[in-house]
């Protein structure tokens with residue numbers, strides 16, 4: 001019968017897992033967990049891809065900044081405070 005075979009064979013997706021009604025009651029929960037884990041796997045893969053992309057873009061920026069002529073035009077601007085850096089507000093006088 002199906003029940004005895006499922007005890008002998010290792011379980012594969014799509015196969016009935018257990019013959020007993022109690023164990024079968026858990027099947028939907030297991031299916032749900034399987035779906036959740038599959039979804040999480042996909043999300044982690046996507047996050048991984050995004051982080052690699054980010055790493056690559058940072059590496060590109062660093063290489064660009066290391067080229068000798070990348071700052072030569074702007075350095076004087078930065079010294080005069082006319083660059084595009086964050087503006088630091090003057091200290092408050094109460």
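Numbering (full-length UniProt numbering), first residue to last: 1 to 94. Every residue gets a Cβ at the ideal spot worked out from N, C-alpha and C, and that includes glycine.
Cutting at 6 Å between CB atoms, please list the residues of its own chain near residue i, excluding the five before and the five after it.
i, result
"residue 91", "none"
Tell me whether residue i sits in a helix, a strand or coil according to DSSP, three-state version.
i, result
"residue 50", "helix"
"residue 28", "helix"
"residue 42", "helix"
"residue 92", "coil"
"residue 34", "helix"
"residue 67", "coil"
Taking all protein chains shown into account, do 16 or more other C-beta atoms lie within 10 angstroms of the C-beta of residue i, making it buried, or fewer, making it exposed?
i, result
"residue 49", "exposed"
Which same chain residues, not among the five before or five after residue i, have their C-beta less than 7 Å away from its C-beta?
i, result
"residue 37", "none"
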